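Undergrad:
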Amino acid sequence: GVPKEKLSPDDLFLISASGEQLKIPTNEKVTKVSDSADIFEALYKRFPKVRAVSHIHSVNAVLAAGQEEGNILRVRDIEMIKGLGIPGDQVLEIPIVENQPTEPMLVAPILEALDKLPNAPAILVRNHGVYVWGSSLDKAKIATECLAFVLDVVRQQRAAVPSAKRPRTACSGAKVVLLDVEGTTTPITFVKDKLFPYAAAAVGNWVKTAKKPDVAAVVAAYEAQCKQDGRSFAGADDVEAVTKEWIAADRKVGALKELQGRLWRAGYESGELKGAMYDDTPKAMERWVLDGRRVAIFSSGSREAQELIYRYSDKGDLTDYLSAYFDPASAQAPKQQASAYVQIALSLGIAPRDGHFCTDVLGEAQAAKEAGWEATLLLRPGNAPLPENHGFRTATSLLDVAL
3 GVPKEKLSPD DLFLISASGE QLKIPTNEKV TKVSDSADIF EALYKRFPKV
53 RAVSHIHSVN AVLAAGQEEG NILRVRDIEM IKGLGIPGDQ VLEIPIVENQ
103 PTEPMLVAPI LEALDKLPNA PAILVRNHGV YVWGSSLDKA KIATECLAFV
153 LDVVRQQRAA VPSAKRPRTA CSGAKVVLLD VEGTTTPITF VKDKLFPYAA
203 AAVGNWVKTA KKPDVAAVVA AYEAQCKQDG RSFAGADDVE AVTKEWIAAD
253 RKVGALKELQ GRLWRAGYES GELKGAMYDD TPKAMERWVL DGRRVAIFSS
303 GSREAQELIY RYSDKGDLTD YLSAYFDPAS AQAPKQQASA YVQIALSLGI
353 APRDGHFCTD VLGEAQAAKE AGWEATLLLR PGNAPLPENH GFRTATSLLD
403 VAL
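Position in the sequence shown (from 1) plus 2 gives the number in our numbering.
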């Protein structure tokens with residue numbers, strides 16, 4: 003090959019989008035196409051607006067990917083992410099794939115990772131380097147320089163983290179932080195003003211277009227709940243009306259929650275819905291995980307709905323921070339019964355005293371306390387007022403919860 007700083011047009015191949023060689027180098031020392039060519043071709047096909055791809059083997063890229071336990075590097079609160087097309091108040095998410103014996107073997111895992119993060123501006127290859135792209139050569143160069151800066155900051159930030167804040171197998175205080183969703187990690191208005199209306203508007207079309215086994219499962223669950231309620235139910239023709247009635251009454255029944263999960267999935271996957279999170283939510287989750295704690299969710303919504311709101315959140319995919327999801331069905335009791343928290347502790351393999359529950363509902367905090375958990379009540383805008391002398395610690399931010 004030719005040293006990159008000495009490259010000239012005579013040293014370059016010109017290759018079509020279909021892989022055909024339109025021009026070969028006149029320099030006899032250049033005998034083959036770069037091993038990265040298959041990856042470049044795959045990226046150009048994946049992103050039609052991309053006109054330049056940069057591939058670098060930087061120390062910071064290797065360190066950033068190597069130090070990340072998950073498959074996504076998330077960066078927030080760094081100005082230079084704007085150079086990668088990410089608004090300053092959003093989260094830069096870069097997928098990470100494992101290195102392979104040859105670069106052509108990286109094509110499949112890279113494309114699979116980009117299926118999950120289609121708006122990623124780059125991709126890290128563990129123990130190898132990074133690919134960065136842009137809509138022009140100049141923009142790819144800017145993106146590469148900005149990413150180099152960001153990765154350097156990440157490296158220095160991690161090096162500066164005190165040993166007490168690095169991941170470890172043991173921690174003092176709570177071993178598990180159990181979080182409510184509505185009014186705790188997520189504004190209560192998002193659920194009532196966005197999710198509920200979306201489900202009410204979508205249910206009619208879903209009944210008409212969904213697969214028959216899916217509709218049959220919903221009809222069976224609705225029929226059982228209506229029988230329990232002592233009311234009539236006319237099968238599939240009645241699903242839309244009953245759904246809207248239950249949503250308006252804010253019913254916490256499993257049949258409704260399961261259907262809402264199905265409806266919301268379509269909205270999240272299409273981009274119509276994005277889970278709203280308080281700014282402190284991802285920061286607190288990250289801190290707890292670094293402290294060696296597990297973070298889990300307990301909500302009246304289905305476990306599927308819980309996973310969706312955190313995977314498709316407006317702060318990026320937060321599911322890597324979460325180790326478990328619980329709803330009343332999996333906890334075998336409603337949220338205001340102590341037995342639910344006993345069951346959750348058993349499922350997580352902890353003693354109740356090693357768990358800390360965060361919620362905005364006094365009855366839930368009381369049930370958790372009765373089961374032996376610690377509890378904190380969140381004071382968020384729009385949450386229901388609490389009575390005086392309720393006996394629990396309070397916090398306005400998850401970052402202020404004392405564990």
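Think of the CB as a built atom: it goes at the ideal place given N, C-alpha and C, for glycine as much as any other residue.
It should be emphasised that the depicted structure is a prediction, and the values quoted were computed from it without experimental measurement.
1. Does the Cβ of histidine 358 have 16 or more other Cβ atoms within 10 Å, making it buried, or fewer, making it exposed?
2. Under the three-state reduction of DSSP, which class applies to serine 332: helix, strand or coil?
3. Per DSSP, what kind of secondary structure is valine 221 in: helix, strand or coil?
4. Taking only the alpha-carbon atoms, compute the straight-line gap between aspartate 91 and phenylalanine 15 and give it to the nearest angstrom.
5. Considering only residues of the region 228-315, which uninterrupted alpha helix (DSSP H) runs meet the minimum length of 4 residues and lie entirely inside it, listed in chain order?
6. Rounded to the nearest angstrom, what separates valine 291 and glutamate 366 at their Cα positions?
7. Taking Cβ to Cβ, would you say alanine 202 is nearer than 7 Å to isoleucine 249?
8. Could you give the residue range of the beta strand (DSSP E) that holds glutamine 23?
9. Contact defined as beta carbons within less than 8 Å: I believe alanine 369 pairs with glutamine 334. What is the distance between those atoms, to the nearest angstrom?
10. Just to confirm the assignment, what range does the beta strand (DSSP E) spanning threonine 396 have?
11. When DSSP builds the beta bridges, which residues end up paired with tyrosine 343?
12. My assumption, with CB atoms under 8 Å, is that proline 354 sits in contact with valine 363. Please give the rounded CB distance.
13. Please state whether DSSP places histidine 392 in a helix, a strand or coil.
14. Is the region 210-224 touching the region 183-200, taking contact as three or more C-beta pairs under 8 Å?
15. Which residue spans inside the region 19-74 form an unbroken beta strand (DSSP E) run of at least 3?
16. Taking its Cβ as the centre, do 16 or more other Cβ atoms sit within 10 Å of proline 11, making it buried, or is it exposed?
17. Check the C-beta distance from leucine 380 over to threonine 361 and give it rounded, since I have them as a contact under 8 Å.
18. If you measure between the beta carbons of aspartate 259 and glycine 294, is that distance less than 7 Å?
19. Could you give the distance in angstroms between the alpha-carbon of arginine 296 and the alpha-carbon of arginine 128?
20. Is serine 325 helix, strand or coil by DSSP?
21. Just the Cα atoms here: how many angstroms apart are alanine 67 and leucine 405?
22. State the Cα-Cα distance for the pair asparagine 101 and aspartate 252, rounded to the nearest angstrom.
23. Could you name the residues of the same chain whose beta carbon sits closer than 8 Å to that of proline 389, not counting the 5 residues immediately before and after it, in chain order?
24. What residues are listed by DSSP as bridge partners for tryptophan 135?
25. Tell me phenylalanine 359's beta-bridge partners as DSSP assigns them.
26. Look up glutamate 95 in the DSSP assignment and give the residues it is bridged to.
27. Per DSSP, what are the beta-bridge partners of leucine 16 in this structure?
28. Give the straight-line distance between the Cα atoms of histidine 57 and threonine 321, rounded to the nearest whole angstrom.
29. Considering just the uninterrupted stretch of the beta strand (DSSP E) at leucine 126, what are its terminal residues?
30. Assess contact between the region 175-185 and the region 224-231, defined as three or more Cβ pairs (one per stretch) separated by less than 8 Å. Is contact present?
31. Report all residues from its chain with a CB closer than 7 Å to the CB of phenylalanine 394; omit the five preceding and five following residues, and keep chain order.
32. What number of angstroms, rounded off, separates the C-alpha of glutamate 437 from the C-alpha of leucine 65?
TA: Taking the definition as stated:
1. buried
2. helix
3. Looking at valine 221 - three-state DSSP - the assignment turns out to be helix.
4. 41 Å
5. Whole alpha helix (DSSP H) segments, 4+ residues: 238-250, 256-272, 282-292, 305-313.
6. 24 Å
7. yes
8. 23-25
9. Actually they are not in contact, since the Cβ atoms of alanine 369 and glutamine 334 sit about 13 Å apart, beyond 8 Å.
10. 395-397
11. BP columns for tyrosine 343 are empty, so no partner.
12. At roughly 18 Å, the Cβ-Cβ gap does not stay under 8 Å, so proline 354 and valine 363 are not in contact.
13. coil
14. Between the region 210-224 and the region 183-200, the count of C-beta pairs closer than 8 Å stays below three; the two stretches do not touch.
15. 23-25, 54-58
16. Exposed, by the Cβ-count rule.
17. 7 Å
18. The sequence given here places lysine at residue 259; aspartate does not occur at that position. Cβ distance not < 7 Å, so lysine 259 and glycine 294 don't count as in contact.
19. 25 Å
20. Looking at serine 325 - three-state DSSP - the assignment turns out to be strand.
21. 30 Å
22. 49 Å
23. So the qualifying residues of the chain are Leu364.
24. Val55
25. Leu180, Ala377
26. The partner list for glutamate 95 (beta bridge, DSSP) reads Arg76.
27. Lys25
28. 29 Å
29. From DSSP, the beta strand (DSSP E) with leucine 126 extends over 124-127.
30. no
31. Contacts found: Ala367, Ala377, Thr378, Leu379.
32. In the structure displayed, the chain extends from 3 to 405; residue 437 sits before or after that span and is not available.
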